[in-house]
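A short write-up of the structure that comes next.
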Amino acid sequence: MSEDRNEMPEPEVDTRRREIAGVLTGEFQSPSPDQVLENVLENVLLFLTSRRDRNAVSLVCKSWYRAEALTRSDLFIGNCYAVSPRRAIERFRRVRSVVLKGKPRFADFNLMPPNWGAYFTPWVTAMATSYPWLEKVYLKRMFVTDRDLELLAQSFPAFKELVLVCCDGFGTSGLAGIASKCRQLRVLDLIEDEVTDDEVDWISCFPESGTCLESLIFDCIECPINFEALERLVARSPSLRKLRLNRYVSIGQLYRLMIRAPQLTHLGSGSFSSSDIVAQGDQEPDYISAFAACKSLVCLSGFREIIPDYLPAIYPVCANLTSLNFSYANINTEQLKSVICHCHKLQIFWVLDSVCDEGLQAVAATCKELRELRVFPIDAREDSEGPVSEVGLQAISEGCRKLQSILYFCQRMTNAAVIAMSKNCPDLVVFRLCIMGRHRPDHITGEPMDEGFGAIVMNCKKLTRLAISGLLTDKAFSYIGKYGKLVRTLSVAFAGDSDMGLKYVLEGCPKLQKLEIRDSPFGDAALRSGLHHYYNMRFLWMSSCRLSRQGCEEIARAMPGLVVEVIRNENEEDKDGFEILYMYRSLESPRIDAPEFVTIL
Numbered sequence: 014m015s016e017d018r019n020e021m022p023e024p025e026v027d028t029r030r031r032e033i034a035g036v037l038t039g040e041f042q043s044p045s046p047d048q049v050l051e052n053v054l055e056n057v058l059l060f061l062t063s064r065r066d067r068n069a070v071s072l073v074c075k076s077w078y079r080a081e082a083l084t085r086s087d088l089f090i091g092n093c094y095a096v097s098p099r100r101a102i103e104r105f106r107r108v109r110s111v112v113l114k115g116k117p118r119f120a121d122f123n124l125m126p127p128n129w130g131a132y133f134t135p136w137v138t139a140m141a142t143s144y145p146w147l148e149k150v151y152l153k154r155m156f157v158t159d160r161d162l163e164l165l166a167q168s169f170p171a172f173k174e175l176v177l178v179c180c181d182g183f184g185t186s187g188l189a190g191i192a193s194k195c196r197q198l199r200v201l202d203l204i205e206d207e208v209t210d211d212e213v214d215w216i217s218c219f220p221e222s223g224t225c226l227e228s229l230i231f232d233c234i235e236c237p238i239n240f241e242a243l244e245r246l247v248a249r250s251p252s253l254r255k256l257r258l259n260r261y262v263s264i265g266q267l268y269r270l271m272i273r274a275p276q277l278t279h280l281g282s283g284s285f286s287s288s289d290i291v292a293q294g295d296q297e298p299d300y301i302s303a304f305a306a307c308k309s310l311v312c313l314s315g316f317r318e319i320i321p322d323y324l325p326a327i328y329p330v331c332a333n334l335t336s337l338n339f340s341y342a343n344i345n346t347e348q349l350k351s352v353i354c355h356c357h358k359l360q361i362f363w364v365l366d367s368v369c370d371e372g373l374q375a376v377a378a379t380c381k382e383l384r385e386l387r388v389f390p391i392d393a394r395e396d397s398e399g400p401v402s403e404v405g406l407q408a409i410s411e412g413c414r415k416l417q418s419i420l421y422f423c424q425r426m427t428n429a430a431v432i433a434m435s436k437n438c439p440d441l442v443v444f445r446l447c448i449m450g451r452h453r454p455d456h457i458t459g460e461p462m463d464e465g466f467g468a469i470v471m472n473c474k475k476l477t478r479l480a481i482s483g484l485l486t487d488k489a490f491s492y493i494g495k496y497g498k499l500v501r502t503l504s505v506a507f508a509g510d511s512d513m514g515l516k517y518v519l520e521g522c523p524k525l526q527k528l529e530i531r532d533s534p535f536g537d538a539a540l541r542s543g544l545h546h547y548y549n550m551r552f553l554w555m556s557s558c559r560l561s562r563q564g565c566e567e568i569a570r571a572m573p574g575l576v577v578e579v580i581r582n583e584n585e586e587d588k589d590g591f592e593i594l595y596m597y598r599s600l601e602s603p604r605i606d607a608p609e610f611v612t613i614l
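Numbering (the working numbering), first residue to last: 14 to 614.
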């Protein structure tokens with residue numbers, strides 16, 4: 014480039030000369046005002062990243078609709094059956110990143126029969142010929158085959174990021190194709206997937222030269238990996254920041270990886286126990302020094318098959334941690350206390366209820382910056398003795414006033430503790446309280462849990478996601494309908510008195526997008542009360558409720574743009590009986606890949 018700031022680069026000189034020549038010969042035509050406006054709009058839209066804002070822009074007029082489609086590089090599809098690959102590709106032609114979701118969330122709890130659908134094959138087949146510049150794919154609850162992964166690896170030469178969450182259908186041979194052919198791969202994240210062991214050494218398939226890897230997550234893979242190949246891969250990946258290991262990686266092997274990658278910011282530790290045989294007289298590695306050398310570490314997870322004696326190794330990094338995941342670590346109160354007392358910056362914390370109420374009190378005393386808490390059950394049976402209760406919940410609400418999201422599994426709860434949380438943590442956006450025993454009341458007063466959940470929707474003005482459980486009457490649903498004006502996702506289990514409960518919600522929550530209901534006394538009248546709103550929702554799921562096939566058929570006739578699926582158990586002989594109703598809006602005709610146990614009305 015010329016150093017003279019007044020001298021035009023050659024391409025600009027040529028363009029300017031052509032414009033002058035056009036004016037002199039009378040051939041120059043200025044663009045129309047509409048074309049100028051569309052060009053300006055396209056440049057402005059490049060800075061608009063929120064998909065909701067972009068959707069709003071596309072509804073203004075046809076010109077804005079075209080401009081928005083031409084400038085959209087990130088495509089989000091919350092239900093793979095809501096639109097066909099053909100329609101999506103015809104509208105959005107310059108996509109570089111795709112997010113695609115399949116089965117509804119209740120599939121995670123084995124409430125949906127296997128082989129229901131959500132196949133990635135038609136999508137990757139269509140994208141292979143239309144999006145040659147595709148760089149990122151994020152899939153959630155999709156059925157992905159090894160052939161899909163092979164086609165993905167072959168079709169996109171600039172492919173950089175693959176994230177698979179709660180997916181199944183593929184194995185280590187598919188991962189080998191991704192590792193060997195995606196030479197610019199930066200992210201390979203496998204999160205809670207079911208991966209088949211094909212006895213293929215996929216780790217060895219990454220390029221032998223330096224890699225671009227920034228994130229490698231494979232803690233869900235339930236088969237051994239080639240550790241020597243992994244060690245070499247980590248050593249030749251200087252940009253690696255996130256690494257989460259599966260339970261076949263011992264703490265001794267973790268040590269060897271850490272000394273080769275002190276730049277890590279996110280680490281999943283694998284088993285955190287030793288499978289190595291230390292010869293008599295040999296000294297174990299200095300794990301404390303290895304952690305101390307990782308000065309950028311802010312997120313720590315893993316700890317499968319943990320030996321608590323190794324916990325002191327992580328003390329040096331605790332002061333900088335913003336995220337700590339102990340949801341696989343069966344540790345007790347005292348073991349947690351020894352760690353959590355150092356974690357003053359913690360913002361995200363996941364833990365098993367084995368730490369008891371006293372452990373949560375220690376969290377509340379230390380973690381004043383906490384934004385998200387998840388407490389999972391070590392024993393999910395309904396009749397188990399839950400070690401956490403309203404005592405732990407109230408302690409968290411009093412000590413962690415900046416809390417925005419909570420998921421809390423327990424066996425007993427009180428209205429008073431839930432009301433206290435609504436007052437102490439008014440910034441809550443997500444509140445999910447799962448009382449595992451069915452129809453459990455306030456265990457001190459014996460009253461329904463109506464007032465507690467009512468206080469949550471009344472006092473937490475930013476609430477968008479709510480999960481309710483315990484003994485609840487229609488009164489709780491009336492509170493949700495009256496005050497839950499921003500609620501977008503509602504999950505209901507074993508709750509309600511009558512159809513009025515669901516009617517309160519469907520008529521009172523204008524933002525409601527996702528509604529999940531199981532084992533509740535709602536029937537056809539409740540279902541009909543949402544006719545005005547179903548087109549605005551992403552989906553409605555109801556299982557083990559009081560619906561009839563006739564009631565579902567009425568909805569299907571009244572709303573032709575809604576796909577109404579009734580799903581029976583695979584072993585159910587009664588063709589008219591069904592266990593599940595799954596409704597979702599769609600721009601397409603009903604899908605053609607429905608299995609025999611699914612009837613689309």
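Backbone N, C-alpha and C define an ideal beta-carbon position, used for all residues, glycine too. In this text, all values refer to a predicted model and were calculated from it rather than measured experimentally.
Requested in this report: Can you tell me the Cβ-Cβ gap for L479 and G497, rounded? I've got them flagged as a contact below 8 Å.
Outcome: 7 Å
Requested in this report: Reducing DSSP to helix, strand and coil, say where L177 ends up.
Outcome: strand
Report task. Output the distance between the C-alpha atoms of E567 and R598, rounded to the nearest integer angstrom. Result -> 16 Å
Report task. Please determine, among A242, P251, C218, the residue with the shortest C-alpha to C-alpha distance to V262. Result -> A242
Query raised in the report: Leaving out five residues before and five after L203 in sequence, what residues of the same chain have Cβ atoms less than 7 Å from its Cβ?
Result: L177, I230, F231, C233, I234
Requested in this report: Go ahead and pull the three-state DSSP assignment for S193.
Outcome: helix
Query raised in the report: R118 to F60, Cα distance in whole Å?
Result: 32 Å
Query raised in the report: In chain order, what residues of the same chain lie with their CB nearer than 6 Å to the CB of L420, ignoring the 5 residues before and after it?
Result: R387, R445
Requested in this report: Could you check which residue in R196, E205, N333 has the C-alpha nearest to that of F219?
Outcome: R196
**Report entry** For L600 and P573, the rounded distance between their alpha carbons
**Finding:** 10 Å
Query raised in the report: Distance, Cα to Cα, E297 vs R273?
Result: 18 Å
Query raised in the report: Under the rule that 16 or more other beta-carbon atoms within 10 Å means buried, what is N239, buried or exposed?
Result: exposed
**Report entry** Whole-angstrom distance between Q167 and V36, CA atom to CA atom
**Finding:** A caution first: V36 carries a pLDDT of 40, below 50, which makes its placement in the model unreliable, though a value can still be read off. When rounded, the distance between both Cα atoms is 49 Å.
Requested in this report: Please say whether E583 and F552 have beta carbons closer to each other than 8 Å?
Outcome: no
Query - Local conformation of A34 per DSSP, three classes - result: Residue confidence is low: A34 scores 47 on pLDDT, short of 50, so the model does not pin down where it sits. No coordinate-derived value is stated.
Query - Strand pairing of K255, partner residues [DSSP] - result: S228, H279
Query - Best match in N472, C354, N428, L277 for proximity to L256 [C-alpha to C-alpha] - result: L277
Report task. Please go through the region 498–586 and give each complete beta strand (DSSP E) segment of 3 or more residues, from N-terminal end onward. Result -> 502–506, 527–531, 552–556, 575–580
Query - Residue burial classification, G223 (beta-carbon count within 10 angstroms, cutoff 16) - result: exposed
Report task. Would you give the residue range spanned by the alpha helix (DSSP H) that T612 belongs to? Result -> Careful: T612 lies outside any alpha helix (DSSP H), inside the beta strand (DSSP E) at 611–613.
Requested in this report: Could you please give the first and the last residue of the uninterrupted beta strand (DSSP E) stretch that includes I481?
Outcome: 478–481
Query - Within 8 Å, strictly: CB atoms of E148 and R106 - result: no
Query - Where D121 falls: helix, strand or coil (DSSP) - result: helix
Requested in this report: Leaving out five residues on either side along the sequence, give the residues of the same chain with a beta carbon under 8 Å from the beta carbon of L544.
Outcome: I568, A571, M572
Report task. Return yes when the C-beta of I409 is under 7 Å from any heavy atom of the ligand SAH, and no when it is not. Result -> Among the components of this structure there are no ligands whatsoever, and the ligand SAH is therefore not found.
Report task. Assign N428 to one of two classes, buried (16 or more other C-beta atoms within 10 Å of its C-beta) or exposed (fewer than that). Result -> buried
**Report entry** Host alpha helix (DSSP H) of F466 (start-end)
**Finding:** 463–472
Requested in this report: Kindly indicate which three-state DSSP category L349 falls into: helix, strand or coil?
Outcome: helix
Requested in this report: Tell me whether A375 is buried or exposed, calling it buried when 16 or more other Cβ atoms sit within 10 Å of its Cβ.
Outcome: buried
Query raised in the report: Tell me the DSSP bridge mates of G184?
Result: T209
Query raised in the report: Is the distance from the Cβ of R559 to the Cβ of Q526 below 8 Å?
Result: no
Query raised in the report: For P534, which option in S482, V576, S511 has the closest C-alpha, if you only look at C-alpha atoms?
Result: S511
Query raised in the report: Near V157, what residues of its chain come up, given a Cβ to Cβ distance below 8 Å and the 5 sequence neighbours on each side ignored?
Result: F133, L177, C180, D181, G182, F183, G187
Query raised in the report: If you draw a straight line from the C-alpha of M471 to the C-alpha of G283, how long is it?
Result: 42 Å
Query - Which of helix, strand or coil DSSP assigns to F422 - result: strand
Query raised in the report: Is the CB-CB distance between Q13 and G450 below 8 Å?
Result: The requested residue 13 is not part of the displayed model; the chain covers only 14 to 614.
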